[in-house]
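Down below is the structure, laid out as structure tokens.
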Amino acid sequence: NAGVTQTPKFQVLKTGQSMTLQCAQDMNHNSMYWYRQDPGMGLRLIYYSASEGTTDKGEVPNGYNVSRLNKREFSLRLESAAPSQTSVYFCASSEATRAGNTIYFGEGSWLTVV
Amino acid sequence: GNSVTQMEGPVTLSEEAFLTINCTYTATGYPSLFWYVQYPGEGLQLLLKATKADDKGSNKGFEATYRKETTSFHLEKGSVQVSDSAVYFCALRGLNSGYSTLTFGKGTMLLVSP
Chain A
6 NAGVTQTPKF QVLKTGQSMT LQCAQDMNHN SMYWYRQDPG MGLRLIYYSA SEGTTDKGEV
66 PNGYNVSRLN KREFSLRLES AAPSQTSVYF CASSEATRAG NTIYFGEGSW LTVV
Chain B
69 GNSVTQMEGP VTLSEEAFLT INCTYTATGY PSLFWYVQYP GEGLQLLLKA TKADDKGSNK
129 GFEATYRKET TSFHLEKGSV QVSDSAVYFC ALRGLNSGYS TLTFGKGTML LVSP
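Structural data, given as structure tokens:
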């Protein structure tokens, strides 16, 4: 009953380092998302993938890249980490992008950039 | 664009008290509305949802009614428990800049004391 699995759960980076957050879902969902959560800001969409082979920018894409590796996996890459990217990152998925579809979230990845 | 406004917290209640967390929204078209809950150190879990006007979502004693005339989706529970202590997010899903994904409120922390 895994749902959405993301790794790593915790990571500390130095400014300028790069890293990739991995995400996989086992619900055969078509759409996948990356959000970041900051205190007092709620969750904001970074990138999403409506279906395998497509990716699009969300609300706050700057400083990030994504790859939809296959239907199950959607990774988020920070090429040159900055302190402003210290946040909690959530991967999510849904059957499709229709308004009524529920979006299911992973447990989060806590990233600190020093 | 779409937006969600929910009451600021923390909301502090004694066990068995009545809970209301207000949520109002701005959206074009006919969004779906959601409440998510986040327990400490965990990801977001769907609590309930409503996909059209006058629908009532309910789960675990919580309920919320989709009110199009007042653009609201207030969360209520008749008798809260200590285990309900968490952060609650109101969200809508509708078209926003050409894509359909979740727009979140900033979250309301609920603290329930014995």
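In order, the protein sequence lines correspond to chains A and B. The first sequence runs 6 to 119 under the working numbering. The second sequence runs 69 to 182 under the working numbering. Built from N, CA and C at the ideal position, the CB exists for glycine as well. Fair warning: this is a prediction, and the values are worked out from it, not measured in the lab.
*Closer than 7 Å by beta-carbon distance: list the chain B residues that pair up with G58(A), in chain order.*
None at all; the shortest Cβ gap to chain B is about 16 Å.
*Would a check of beta-carbon distances place E110(B) closer than 8 Å to chain A?*
yes
*Listing by chain order, which chain A residues have their CB less than 9 Å from the CB of K117(B)?*
G105, T107
*asked:* Once the 5 residues before and after C28(A) are set aside, which same chain residues still bring their CB inside 6 Å of it?
replied: Q11, F79, C96
*Test: E112(A) CB closer than 8 Å to a CB of chain B*: yes
*Are there three or more Cβ pairs, one per stretch, closer than 8 Å when the segment 39-51 of chain A is compared with the segment 84-95 of chain A?*
yes
*Nearest to N106(A) by alpha carbon, out of K117(B), V79(B), L143(B)?*
K117(B)
*Take N70(A) and list the residues in its own chain whose beta-carbon comes closer than 7 Å to its own, dropping the five residues that flank it on each side.*
R82, E84
*Going along the chain, which residues of its own chain have a beta-carbon closer than 6 Å to the beta-carbon of T117(A), five neighbours each way excluded?*
V17, T91
*S36(A): which of R103(A), S98(A), W115(A) sits nearest, CA to CA?*
S98(A)
_What ranges does the beta strand (DSSP E) occupy inside the segment 22-50 of chain A, keeping only unbroken runs of at least 3 residues that lie completely in it?_
24-30, 36-43
*Please confirm if G146(B) has its CB atom under 8 Å from at least one CB of chain A.*
no
*Rounded to a whole number of angstroms, what is the C-alpha to C-alpha distance between V148(B) and S126(B)?*
14 Å
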